[in-house]
Amino acid sequence: MLEFEGPPQYTESMLVISTTAAGYIMGSGPSVDLYGLSCTCLGTFFLAAGANTINQVLEVENDARMKRTCWRPLPSGRISLEHAVVLAAATSISGIALLTSQVNCVAAGLGAINLALYTLVYTPLKKIHPINTSIGAAVGAIPPLLG
Numbered sequence: 001m002l003e004f005e006g007p008p009q010y011t012e013s014m015l016v017i018s019t020t021a022a023g024y025i026m027g028s029g030p031s032v033d034l035y036g037l038s039c040t041c042l043g044t045f046f047l048a049a050g051a052n053t054i055n056q057v058l059e060v061e062n063d064a065r066m067k068r069t070c071w072r073p074l075p076s077g078r079i080s081l082e083h084a085v086v087l088a089a090a091t092s093i094s095g096i097a098l099l100t101s102q103v104n105c106v107a108a109g110l111g112a113i114n115l116a117l118y119t120l121v122y123t124p125l126k127k128i129h130p131i132n133t134s135i136g137a138a139v140g141a142i143p144p145l146l147g
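Every letter in the sequence shown is one number past the one before it in the UniProt record's numbering, and letter 18, counting from 1, is 18.
Structure below.
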């Protein structure tokens with residue numbers, strides 16, 4: 001059985017979803033389509049889960065060396081790398097598929113771009129270059145646009 005990340009990752013994901021919901025509500029005008037809002041938030045949740053899991057896959061060796069992160073499921077050996085990769089793929093694909101089929105292609109595209117920026121640019125750069133802060137700012141600015 002898979003274990004879920006503790007409060008820090010949960011809180012981070014909830015903040016991403018809340019800014020997505022705020023963007024959706026602000027862009028809706030006088031009436032909010034609750035189905036569309038729900039699908040947007042759920043798709044964003046799946047993408048956040050995928051991004052967090054990919055980040056932990058990429059950072060497993062560093063996480064194992066730090067007291068703050070050595071308790072996480074991958075470095076502590078409670079979840080195998082293979083299970084984490086399957087979870088990351090399943091949640092990422094589900095998020096993009098849900099946004100594409102139930103919201104729109106723009107939201108799905110923004111979600112995919114954000115996933116790529118976070119996992120392929122921000123995560124590797126945070127150890128080697130301060131520009132990662134600007135990339136992180138872009139990653140944080142995209143969720144309200146998803147809405």
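Don't be surprised by glycine CBs; every beta carbon is placed ideally from N, CA and C.
Proximity winner among the options, relative to residue i (alpha-carbon distances)
i           : options                          : result
Cys39       : Ala21, Met66 and Ala64           : Ala21
Ala108      : Thr123, Leu120, Ser92 and Tyr118 : Ser92
Phe45       : Thr11, Pro75 and Ser134          : Thr11
residue 226 : Ser13, Ser28 and Asn114          : Absent from the structure is residue 226, since the part of the chain shown begins at 1 and ends at 147.
Val85       : Asn104, Val106, Val60 and Val16  : Val60
residue 159 : Leu99, Pro73, Asp33 and Tyr24    : This structure gives no information on residue 159, because the portion of the chain shown stretches from 1 to 147.
Pro124      : Ser18, Thr69, Ala97 and Val57    : Val57
Leu99       : Pro30, Met26 and Tyr35           : Tyr35
Val103      : Cys41, Ser13, Met26 and Ser31    : Cys41
Gly111      : Tyr122, Met26 and Ile142         : Ile142
Element boundaries [alpha helix (DSSP H), containing residue i]
i      : result
Gly95  : Leu81 to Leu98
Thr133 : Asn132 to Leu146
Ile113 : Cys105 to Ala116
Problem - Uninterrupted alpha helix (DSSP H) stretches inside the region 10-66 (no shorter than 4 residues) - result: 34-58 and 60-65
Handout entry: contact_flag[the region 134-147, the region 112-121] where n(CB pairs < 8 Å) is 3 or more
Key = Under the Cβ criterion (8 Å, minimum of three pairs), the region 134-147 counts as touching the region 112-121.
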